[in-house]
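If you want my numbering, it's the 1-based position in the sequence shown plus 196.
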Amino acid sequence: MAKATGPTYKVSFRRRRTNLTNYRKRLALLKSGKPRMVVRKTNKQVIVQFVNFTNDHDETIASATSNELAQFNWKPSTNLPSSYLTAYLCANKAKKKGVKSAVLDSGLHTPSKGSFLFAAAKGARDAGIDIPIGDIEIDEERISGRHISEYASSLSGSEEYNKRFSNYIKKGIKPEEIQNLFKQVKEKISKL
Numbered sequence: 197m198a199k200a201t202g203p204t205y206k207v208s209f210r211r212r213r214t215n216l217t218n219y220r221k222r223l224a225l226l227k228s229g230k231p232r233m234v235v236r237k238t239n240k241q242v243i244v245q246f247v248n249f250t251n252d253h254d255e256t257i258a259s260a261t262s263n264e265l266a267q268f269n270w271k272p273s274t275n276l277p278s279s280y281l282t283a284y285l286c287a288n289k290a291k292k293k294g295v296k297s298a299v300l301d302s303g304l305h306t307p308s309k310g311s312f313l314f315a316a317a318k319g320a321r322d323a324g325i326d327i328p329i330g331d332i333e334i335d336e337e338r339i340s341g342r343h344i345s346e347y348a349s350s351l352s353g354s355e356e357y358n359k360r361f362s363n364y365i366k367k368g369i370k371p372e373e374i375q376n377l378f379k380q381v382k383e384k385i386s387k388l
């Protein structure tokens with residue numbers, strides 16, 4: 197493949213070339229004048245931050261990761277309830293620093309119904325921060341982990357159960373009881 201040359205060729209920004217930043221989307225979010233609620237998911241954790249734009253750089257107002265939920269006895273780190281609880285924790289921190297509303301920054305993720313992005317947005321909204329997400333219906337039962345406990349109950353006693361939930365078992369969690377654990381952790385976070 198030939199390299200593009202000539203007077204009309206323009207090299208795009210490095211972060212765009214490496215698929216890290218969509219500058220058109222970022223500019224649209226910055227024009228709102230509100231802090232951004234940045235939600236990112238890695239293989240091992242969910243990261244939620246409230247970020248404010250300044251002329252020189254982005255300033256992080258509050259931040260939380262799903263690894264911090266271990267303080268509240270929550271050991272799963274990347275499932276849907278973890279996204280909700282991480283955002284709930286981060287929103288409580290941000291509320292103490294004066295954040296009342298924010299816009300959801302999904303980065304390069306394409307938002308889809310039932311995704312971790314909307315679970316995180318729901319967590320922040322339940323903590324008292326106004327985040328516009330449109331007409332999206334967010335299933336409360338999925339956020340509390342009911343789908344996980346039902347699936348675990350249907351597999352209990354089989355070899356597939358040990359395969360699917362090996363990480364839960366290794367951490368000492370019964371996946372059938374994840375809803376009760378979710379309620380306990382949410383209550384502990386709300387008391388902060």
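Yeah, the Cβ is synthetic: ideal placement off N, Cα and C, and Gly gets one too.
Quantities reported herein were computed from a predicted structural model and do not represent experimental measurements.
**Request:** Measuring alpha carbon to alpha carbon, tell me which of D254, N269, T274 ends up nearest T261.
**Result:** Of the candidates D254, N269, T274, T274 places its Cα closest to the Cα of T261.
**Asked** What are the start and end residues of each continuous alpha helix (DSSP H) run of 4 or more residues lying completely inside the segment 228-308, in chain order?
**Response** Here the runs fully enclosed are 276-292.
**Asked** Using DSSP with H/G/I as helix, E/B as strand and the rest coil, what is D326?
**Response** Strand, per DSSP.
**Cutoff 7 Å; reference R360; Cβ partners in own chain excluding five residues on either side** = Once the five neighbours on either side are set aside, the close Cβ partners of R360 are L351.
**Prompt:** Nearest to L304 by CA position, among T204, Y219, R210, is which residue?
**Reply:** For L304, the closest of T204, Y219, R210 by C-alpha to C-alpha distance is Y219.
**Request:** Report back the beta-carbon spacing between A315 and S279 to the nearest angstrom; my notes put them in contact at under 8 Å.
**Result:** For A315 against S279, the beta-carbon gap comes to about 4 Å, under 8 Å, which counts as contact.
**Asked** What is the rounded straight-line gap between the Cα of K384 and the Cα of S297?
**Response** Roughly 23 Å separates the two Cα atoms.
**Request:** Flag N376 as yes when its Cβ comes closer than 8 Å to any non-hydrogen atom of the ligand ZN, and as no otherwise.
**Result:** The ligand content of the structure shown is nil, which means the ligand ZN is not present either.
**Request:** Return helix, strand or coil for E333, following the three-state DSSP convention.
**Result:** DSSP places E333 in coil when its eight states are reduced to three.
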